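Under our numbering, the sequence shown is numbered contiguously, ending at residue 219.
Beneath this line is the structure, given in structure tokens, with notes to follow.
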Amino acid sequence: MKFLLFDIDSTLIDSGGAGQRSLNLAFEEMFSVRDAFGTVSMAGKTDSQILKEAFALHGIEPINGVVPEFYHTYVRHLREQIGIGKGHVKPGMREALEILKDREEYVLGLLTGNIEQGALIKLEHFGLRSYFVAGAFGSDAEDRNRLLPIAVEKLFRAKSVPVQFSDCVVIGDTPRDVECARPYGAFSVGVATGPYSCAELSAAGADAVFEDLSDTKGFLSVLR
């Protein structure tokens, strides 16, 4: 049994900028700061890391329930923004998921920096939520490198399916996706559908790299 753990933004989908717009709108609503995340690098980071950097950048102390209130406001805006713009499922992803969901030797899961509510809003909008059995989110841990064991534990709690770390495959578009697999001996697949090239993902140590997953047969071959 292999546990396939997919990143969301720029791996499964392009949200059409809905995530960043929603973060900016929530920050402006709460703190009257426009384009608060404009200079914050987001690729591969958890939402907790991203928010912490924005608070530090704009001199805001995250006290007295500010963080939960911010996420509540962000989720409200995300529900409104997710249908705006040119969002889409990344090439080959839907086809690959359709094949994999019927294979007994694979379980599909998530390993994403999104908070869980945000992740589910995005997946529901693009019709992808039903493919995934369990996962770990940015709301589970700030450090992405802690998420793989959490995903494995959640899978066991949900389905009583025990999986070794070495039987996990992390699929993502950034070096951080690659790096979070390494401490556990998990296999990593880099997909150059985000801000990083195949060469950069290979240099980060990805075990396999694809421009995108339109080469579905090649992707399945690597998994085998």
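For each residue, glycine too, the CB sits at the ideal point set by N, CA and C.
Note that the structure is a prediction, hence the values are computed from the model and not measured.
Can you give me the Cβ contacts of A129 inside the same chain, cut-off strictly under 6 angstroms, excluding the 5 residues immediately before and after it?
Numbered from its first residue, the sequence shown carries residue 129 at position 134. Correct list, in chain order: G104, K149, L150 and A153.
Using a Cβ-Cβ cutoff of less than 7 angstroms, which residues in the same chain neighbour I77 once the five nearest sequence positions on both sides are dropped?
Within the sequence shown, the letter at position 82 stands for residue 77. Closer than 7 angstroms at Cβ, skipping near neighbours: S10, A13, I116, K117 and H120.
Assuming A198 contacts E174 under a Cβ cut-off of 8 angstroms, what Cβ separation, rounded to an integer in Å, is found between them?
Counted from its first residue, the sequence shown places residue 198 at position 203. Counted from its first residue, the sequence shown places residue 174 at position 179. About 12 angstroms separates the two Cβ atoms, so there is no contact after all.
Separation of A131 from A181, as counted between CA atoms
Within the sequence shown, the letter at position 186 stands for residue 181. Within the sequence shown, the letter at position 136 stands for residue 131. Distance between the alpha carbons of A181 and A131: 15 angstroms.
Tell me the rounded alpha-carbon separation between I110 and G213.
Numbered from its first residue, the sequence shown carries residue 110 at position 115. Numbered from its first residue, the sequence shown carries residue 213 at position 218. Cα to Cα, I110 sits roughly 31 angstroms from G213.
Beta-carbon gap between H245 and S17 smaller than 7 angstroms
One cannot answer for residue 245 here, as it falls past the ends of the chain, which runs -4 to 219.
Residues sharing a beta bridge with G167, DSSP
Residue 167 sits at position 172 when you count from the first residue of the sequence shown. Note: G167 sits in a beta bridge opposite G185.
Mark L138 as exposed unless 16 or more other C-beta atoms lie within 10 angstroms of its C-beta, in which case mark it buried.
The residue labelled residue 138 in the question sits at position 143 within the sequence shown. With the sequence shown as reference, residue 138 is identified as Asp, and Leu is not the correct amino acid for it. Per the 10 Å Cβ criterion, exposed.
Reference P178; option with closest CA among T188, Y191 and V164
Counting from one through the sequence shown, the residue named residue 178 turns up at place 183. The shortest C-alpha separation from P178 is found at V164.
In this structure, does DSSP put D172 in helix, strand or coil?
One-based indexing of the sequence shown puts residue 172 at position 177. Residue state, collapsed to three classes: helix.
Kindly list the residues whose CB is nearer than 8 angstroms to the CB of V35, restricted to its own chain and excluding five residues on each side of it in sequence; keep chain order.
Taking the sequence shown and counting its residues from 1, the one referred to as residue 35 is at position 40. So the list reads I45, E48, A49 and L52, once near-sequence residues are dropped.
Sort out for me which residues DSSP pairs I8 with in a bridge.
Counted from its first residue, the sequence shown places residue 8 at position 13. In the DSSP output, where bridge partners are listed per residue, I8 has D4 and V84.
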